[in-house]
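Asks: According to mature numbering (1 follows the signal peptide of the UniProt record, and there is no 0), the stretch in the sequence shown is residues -19 to -1, 1 to 224, in order.
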Amino acid sequence: MKLLFFALLLFAVSFDGLAQTVQSASPTPQNQPSYPISLYRQATKTESHLLNGPEYVDYRKVNRVGHQFFLQDQKAPGSVLYDGSWYHDVPMLYDLVLDQVVIVSNGFLMQKLIQEKVDAFVLGKHLFVAVTAQDSASNSALPVGFYDVLHDGNTKLLAKRIKLRTFAIEEMKEVEHYDVEDKFFVKKGNGYHQVSGGKSVYKVFGDKKKELKKYARAQKLNFRKAREASLLALVLQYDALQK
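1. Would you kindly work out how many angstroms separate the C-alpha atoms of E97 and M153, rounded to a whole number?
2. Could you pull out every residue in the same chain whose Cβ sits closer than 7 angstroms to the Cβ of D70, ignoring the five residues on either side in sequence?
3. For a quick check, are the C-beta atoms of Y219 and T136 less than 8 angstroms apart?
4. Just to confirm, are L145 and F165 a CB contact at a threshold of 8 angstroms?
5. Per DSSP, E36 is paired with what?
6. Here's the rule: buried if 16 or more other CB atoms are within 10 angstroms of the residue's CB, otherwise exposed. What is Q49?
7. In this structure, how does DSSP classify T9 when only helix, strand and coil are distinguished?
8. Out of Y196, V99 and G105, which has the shortest C-alpha to C-alpha gap to L222?
9. Look up F185 in the DSSP assignment and say whether it is helix, strand or coil.
10. Hey, quick one: how far does the beta strand (DSSP E) through V78 stretch, first residue to last?
11. Excluding sequence positions up to five away, which residues of its chain have a Cβ less than 6 angstroms from the Cβ of H107?
12. Taking the beta carbon of R198 as the centre, do at least 16 other beta carbons fall within 10 Å, making it buried, or is it exposed?
13. Taking Cβ to Cβ, would you say K42 is nearer than 8 angstroms to E157?
14. Which runs of the beta strand (DSSP E) fall wholly inside the segment 119 to 188 and span at least 3 residues, in chain order?
15. Return the CA-CA distance between D89 and N44, expressed in angstroms with no decimal places.
16. Is A210 helix, strand or coil by DSSP?
17. Below 8 angstroms on the Cβ atoms is my guess for V167 versus V176; work out the distance and round it to an integer in Å.
18. Who are the near neighbours of G134 in its chain, counting only those whose CB is closer than 6 angstroms to its CB and skipping five residues on each side?
19. With a threshold of 6 angstroms on Cβ separation, who are the neighbours of D54 within its own chain once the five nearest residues in sequence on each side are excluded?
20. DSSP three-state call for H107: helix, strand or coil?
21. Taking the alpha carbon of H30 as the point to measure from, which residue in V38, D39, F51 and G65 has its own alpha carbon closest?
22. Apart from the five residues on each side of it in sequence, which residues of its chain come closer than 8 angstroms, Cβ to Cβ, to N87?
23. Please report the Cβ distance between Y68 and L123, rounded to the nearest whole angstrom; I am assuming they are in contact, meaning their Cβ atoms lie under 8 angstroms.
24. Assuming D80 and F127 are in contact, meaning their beta carbons sit under 8 angstroms apart, how far apart are those beta carbons, in whole angstroms?
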């Protein structure tokens, strides 16, 4: 995906530009009176641009097991590439049931970001990139949505973070459950392939199947108990074998 390269590039450039802006805008006797005003204007401009989506309603029930969000159900500072610009230290959450990025303003107001304007975001040290309908058309195995970039080398490993919302009657009352159903995709060459365990990975990496099987045995990889870590280990090893 070309988007991934540009997202990372813009992310690095925006941090550098932010540092230069702060340094050049340091208060001096000449500009000190206007400095707070300029900061206020910039802050309100940024806030108003992000807060143009609809309200997000937290649909969780009182009786529940788990929640719909990625990592935690409390807001956390993140960064988002929105409508062509990076915004940092944004209080946000990521709803895995709806595949929806949510931001929090004024400490409590939850709003959706407009999906089509979100190209990438960073939350909890995870970089997510958007796959559009155009991207999906050229890679039939990769549905539209946000993908967690686990490895971005010659071979790429992406995770589609998913939670399923189900209901069950327990002790005469309805209980809401949120279950993790992550999917993983490997990019080799020009195409993406969904992988779930050793067999599917060996099929994609047929040219190094023997070496990877030997590595998996030596490292005691367990795809049932630690699927994500095991998949990542094989992808990293495959890239290492290509050098």
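Built from N, CA and C at the ideal position, the CB exists for glycine as well.
Replies: In brief:
1. 42 angstroms
2. These residues qualify, in order along the chain: P58.
3. yes
4. no
5. Q92
6. Answer is buried; the Cβ neighbour count reaches 16.
7. Low confidence applies to T9: its pLDDT is 43, below 50, so where it sits in the model is not reliable, and the reading given next is rough at best. Reduced to three states, the DSSP call for T9 is coil.
8. The option with the nearest alpha carbon to L222 is Y196.
9. Residue identity check: residue 185 is Val in the sequence provided, not Phe. Reduced to three states, the DSSP call for V185 is helix.
10. Neither: V78 is in no beta strand (DSSP E) and is coded neither H nor E.
11. D129
12. With fewer than 16 other CB atoms across the displayed protein chains lying within 10 angstroms of its CB, R198 is exposed.
13. If you check the CB distance, K42 and E157 come in under 8 angstroms.
14. Listed in chain order, the complete beta strand (DSSP E) runs (minimum 3 residues) inside the segment 119 to 188 are 126 to 133, 137 to 141, 144 to 151, 154 to 161, 164 to 169 and 172 to 176.
15. Looking at the sequence itself, residue 89 is Phe, so the reference to Asp does not match. Looking at the two C-alpha atoms, the distance is approximately 22 angstroms.
16. helix
17. 5 angstroms
18. D220
19. H48
20. strand
21. G65
22. none
23. About 26 angstroms; that fails the 8 angstroms criterion.
24. 6 angstroms
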